Amino acid sequence: MAIVSKDVQFTGEGVQIQWSDGRTCTFPYRYLRLQCACASCIEEMTGRKLLNVASVPSDIIAVEYIPVGKYALQFLWSDGHETGIYPFQMLQRLAEHDPAVVCS
Ligand SMILES: [Zn+2]
2 MAIVSKDVQF TGEGVQIQWS DGRTCTFPYR YLRLQCACAS CIEEMTGRKL
52 LNVASVPSDI IAVEYIPVGK YALQFLWSDG HETGIYPFQM LQRLAEHDPA
102 VVCS
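Take 2 as the starting number for the sequence shown in my numbering and just add one per residue.
Okay, here's the thing in structure tokens:
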């Protein structure tokens with residue numbers, strides 16, 4: 002069965018997602034913003050990064066989120082960016098492989 006998010010909180014540390022398997026993972030805000038894979042951040046055909054990392058404020062936070070069906074979350078960032086969709090699978094892959102994401 003696919004693991005889905007049960008709860009999303011914006012904490013002092015980042016975006017905290019509680020998964021349906023009981024794990025809770027915290028994704029630091031700026032880290033998560035830089036993972037955005039939308040068409041204005043990543044060139045669709047080539048996968049080339051279009052996002053200028055230096056343009057993302059160090060104190061960026063997520064201000065709102067919208068569930069996208071049962072497979073993803075969409076975040077509204079404090080820099081006004083809101084087109085990024087973060088599939089659960091991608092978030093779980095990051096949580097497993099990237100030490101920046103802290104899970105318990
Ligand atoms: Zn984007």
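Heads up, the beta-carbon is just placed ideally off N, CA and C, and yes, glycines get one too.
Quick caveat: nothing in here was measured; it's all calculated off a predicted structure.
{"query": "heavy atom of ligand 1 below 8 Å from residue 42 C-beta", "result": "yes"}
{"query": "Residue 104 burial status per 10 Å Cβ neighbour count (16 or more: buried)", "result": "exposed"}
{"query": "Contact test: residue 95 Cβ vs ligand 3 heavy atom, cutoff 8 Å", "result": "Among the ligands in the structure shown, ligand 3 does not appear; only ligand 1 can be found there."}
{"query": "Residue 84 beta carbon near ligand 1 (any heavy atom closer than 8 Å)", "result": "yes"}
{"query": "Counterpart residues of residue 18 in DSSP-defined beta bridges", "result": "9, 26"}
{"query": "Proximity test, residue 104 beta-carbon vs ligand 1 heavy atom, cut-off 8 Å", "result": "no"}
{"query": "Buried or exposed by the 16-neighbour rule on C-beta atoms within 10 Å, applied to residue 84", "result": "exposed"}
{"query": "Option in 22, 33, 19, 25 with minimal Cα separation from residue 75", "result": "33"}
{"query": "Counted within 10 angstroms of its Cβ, other Cβ atoms place residue 93 as buried (16 or more) or exposed", "result": "buried"}
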